[in-house]
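Report on one structure; see the data block that follows.
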Amino acid sequence: MIEKALKGSTGYWVWMLFLLSIMGVGGLCYVQQFNYGLGITGMSRDVTWGVYISQFTFLVGVAAGGLMLVLPYYLHNYKAFGRIVILGEFMAIAAIAMCLMFIIADLGQPMRALNVLLHPTPNSMLFWDMIVLNGYLFLNVLCGWVVLQSEYKGIKYPKWVKPFIYLSIPWAVSIHTVTAFLYCGLPGRHFWLTAILAPRFLASAFAAGPALLMIIAMILKRTTRFDVGREAQDKLVTIIGYAAMLNFFFLGCEFFVAYYSQIPGHMHTLDYLFWGLGHGDQVFNNLVPFMRASVIMGLAGIGLIFVSRAKQCDGLLVLSCLLIFIAFWIDKGLGLVLGGFVPSPMDYVTEYYPSAQEIGVTAAVWATGAFILSILYKVAISVKLEKEV
Amino acid sequence: MYGKGRIIPALILFLGLMTTPIWYKSGDVSKMPKPEKPKDYTECVAPVQYMRTSHMVLLNEWRDDILREGGTRVGKTANGTEYVRSLQNGCMKCHSDKKKFCDTCHIYASVKPYCWDCHLQPKEAM
Amino acid sequence: MDSKRRDFLKIAGLTAIAGIAAPSAFGTLLKGEANASSAPAGGHGPVAPTGKRYGMVIDVRKFTENPELANQCISACHTIHNVPDFGNKKDEIKWIWVDSYEHVFPENTQYKRPDALKGMPILTLCNHCDNPPCVRACPTKATYKKKDGIVGMDYHRCIGCRFCMAACPYGARSFNWRDPRGKDANGRPFIKEINQKYPTRMRGVVEKCNFCTERLAIGQLPACVEVATPTKALVFGDMNDPNSEISQVLKTSFTIQRNPAIGTHPSLFYII
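Chains A, B and C, in that order, give the protein sequences. Each residue of the first sequence is one higher than the last, beginning at 7 in my numbering. Each residue of the second sequence is one higher than the last, beginning at 12 in my numbering. Each residue of the third sequence is one higher than the last, beginning at 44 in my numbering.
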């Protein structure tokens, strides 16, 4: 089945070469980081996690988003998702692979990463995160591949994968819950210390993951004969729209608690992210344009996505999904992690800017994810089209 | 066999390349490492055979015992000589030349312990 | 027996087994975690005295009287422990340092307070919490709490994930963003004078104050305390020993702690 990835149009090969070249440049950046140390990044004593960990957090959500396809299809027997569900499972594989790469890129001593297994520590949320992420990767590789292979052979998938598919449903919830627990269990970091963090993560995941999937599905519709179908598309709009609304509801709850309680620690980070934080005689606001754009894009995306369905307009659908995806990428892939460090527990404000090398490594990990995704989708779509034509 | 003419020479070439290190160094066995032992002492903290094979295990045990359990920092040899259970402040007091002691075997065995990334060898010129 | 009843019995049986097995499995899982997980008895009340618990009283008044003292303490500590000086805030590594009152106690926001408090330099270091969030967060037990209350670090094991730095509510942890044994652009080594008796650290690990475990083991006081002892600006000892000097000081003086509301139970006490 994998041989399907080795045959493709010129466009396919150009795309893969493009990704490989980004991976190459980023790889060189990583070599530089490996030799010099993490000091080559923009991170500092006060902002100890940067773009690597924030991308990791966001991508866990993208991976968990696959749940919104698996659950209706397998649990509720929603047949319209028959063509798209495999895309969701394969996207989860690529996203988790990227998560793991980002974690490794962020370690000061990557050669010792397996110490997490050698000295298992159940009281550390990072230990559990390692377990749930690798477990989810395994489940999606297993379920996705076995189901697709069965389709390739023209038979129904074997019964024994069913339990694994059912297991992958709560497992998807667990990966983003545990990832939220990394943050929301730390005393002294008010911005993260909120019980609603895990629900908010899940809501944004269930919007951002399917939104990305929708964008890819639309690209595939243009470039190949693969069409996920009108009904699936319309149903996804409902899922994305409501999940995105939930996310904003949760965000509103955060605003209420912070500004009604007037507890300084709760307000400061929101001040920093959305209005600019006055500190001493300076105002720190490097993330304000991004965060405001995120809210505007997210809300606009929600409005437009329902319009796109009413008008059955694919162009508008792609635009609204793009808006929602970027909005949540900023919200979680920038603001959430970086905001937690401002102000520091000792009430200092240090602003973070990623370095060129850091951006190079980040781009390379995204390119690697896209590379994996392209291979998996190439296989899946070739099989699907072959069987159907 | 199908494609015999290509597979067999390729296999031979592969095996040849894989075993390069063995025949490249063959006939070189005489160069066994001879680490220089301290002259003023006759016994180590444990029997020589054990130290040869397992000194790294011992160092790890010392470390975990002292750092985590608050274990004693002073040990006694079989003959009752006191020593400090520490690489930097114990071992290296007798084995004072890292190059002539540690490195000879480590280079031979091609292992690169990371001890010296943090610990200081005696009178290290940094 | 109809199928519904059989299913019910199956589920009931499984539930019973799970109910019996889960607590013991959980217990096994957490066994041996005594050093890593550390939940003190009671959320608010004092912790029952068992064994040693080292603590430190920092008498800020004495430091105000001797303005040079704090820097001497810092320098003693950083020299003995080979703490590098990178000369910039981004890479900074510190085990013990001076910060202003407003930054050490940001929660104290009195409308009016003594003029002397404004910008008053205050010595601070790792709090060696009785309930340390950093130890909870560490995925490899590279940082752990010892029986004597000291929160230690094993640099051999640290993978450099910096979870402990996010978890520490007191900014007491530093990361080796680059090789501490290196030199700056002018060829000046980051560690000015190396102490041959103590190791350095390596690139990519977190480090912090260890309450001078290595000195306590041979009967010496922590380096900073030794410097400050003539002035009694720092008092160090076992808080669980009622006759120790620190116990006496804590009994007779009103002290404050850094952000005690978050339940970390710090072992550092300040007399302002």
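Think of the CB as a built atom: it goes at the ideal place given N, C-alpha and C, for glycine as much as any other residue.
Annotation: the region 87-137 of chain C contains the following complete segments of the beta strand (DSSP E) (minimum length 3 residues), in chain order: 97-102. For C129 of chain B, the chain C residues whose Cβ falls inside 7 Å of its Cβ are Y198, P242, T243, R244, M245, in order along the chain. Annotation: Cβ neighbours of H146 of chain C in chain A (cutoff 8 Å, chain order): M352, D353, Y354. Between the C-alpha atoms of C319 of chain A and I302 of chain A there is a straight-line separation of about 22 Å. 8 Å or more divides the Cβ of D108 of chain B from the Cβ of E54 of chain B.
Straight-line measurement puts the Cα of V56 of chain B at about 44 Å from the Cα of V141 of chain C. For M103 of chain B, the closest alpha carbon among the candidates C:Y241, C:I289, C:F297 is that of C:Y241. Residue contact with chain B for A210 of chain C: absent (no Cβ-Cβ distance below 8 Å to any residue of chain B). Secondary structure of V85 of chain B (DSSP, three-state): strand.
Taken in chain order, the whole beta strand (DSSP E) runs of length 3 or more contained in the region 274-351 of chain A are 283-285, 288-290. For E135 of chain C, the neighbours in chain A by C-beta distance under 7 Å run, in chain order, R51. Contact check for F290 of chain A against L276 of chain A fails: the beta carbons are separated by 8 Å or more. Contact between A159 of chain C and V270 of chain C does not hold, since the beta-carbon distance rounds to 23 Å and is not under 8 Å. Using a Cβ distance threshold of 8 Å, L329 of chain A and L310 of chain A count as a contacting pair. In the same chain as G203 of chain C, and ignoring 5 residues on each side of it, the C-beta atoms closer than 6 Å to its own belong to G247, V248, in chain order. Interface residue (Cβ-Cβ distance to chain C less than 8 Å): L78 of chain B is classified as such. With contacts defined as CB atoms closer than 8 Å, M297 of chain A and I332 of chain A fail to qualify as a contacting pair.
For W19 of chain A, no chain C residue has a Cβ inside 8 Å of its Cβ, as the nearest lies near 38 Å away. Listed as beta-bridge partners of V68 of chain A by DSSP are no residues whatsoever. Counting along the chain, the unbroken alpha helix (DSSP H) around S267 of chain A starts and ends at 236-267. For D281 of chain C, the uninterrupted beta strand (DSSP E) run begins and ends at 277-281, by DSSP. When A:Y42, A:E237, A:T63 are compared, the shortest CA-CA separation from K226 of chain C is found for A:Y42.
The beta-carbon of D281 of chain C is placed no less than 8 Å from the nearest beta-carbon of chain B. Taking C-beta atoms as the reference points, M104 of chain A and G191 of chain A fail to come closer than 8 Å. Within 10 angstroms of the beta-carbon of Y79 of chain A lie 16 or more other beta-carbons, which makes it buried.
For Q155 of chain A and P169 of chain A, the gap between their C-alpha atoms comes out near 18 Å.
At a cut-off of 8 Å between beta carbons, Q239 of chain C contacts chain B.
Among the bridge pairs identified by DSSP, G195 of chain C is matched with C:Y187. Taking the Cα positions, C35 of chain A is about 30 Å away from F207 of chain A.
With its beta carbon at least 8 Å from every one in chain C, R206 of chain A lies outside the interface. Annotation for E150 of chain C: no alpha helix (DSSP H) segment contains it, and DSSP assigns it neither H nor E. For V355 of chain A, no beta strand (DSSP E) segment is defined, and its DSSP state is neither H nor E. Secondary structure at V56 of chain B: coil, using DSSP grouped into helix, strand and coil. The alpha-carbon of S50 of chain A is positioned some 47 Å away from that of T31 of chain B. At a cut-off of 8 Å between beta carbons, S217 of chain C contacts chain A. CA-to-CA, the gap between R179 of chain C and N129 of chain A works out to about 6 Å.
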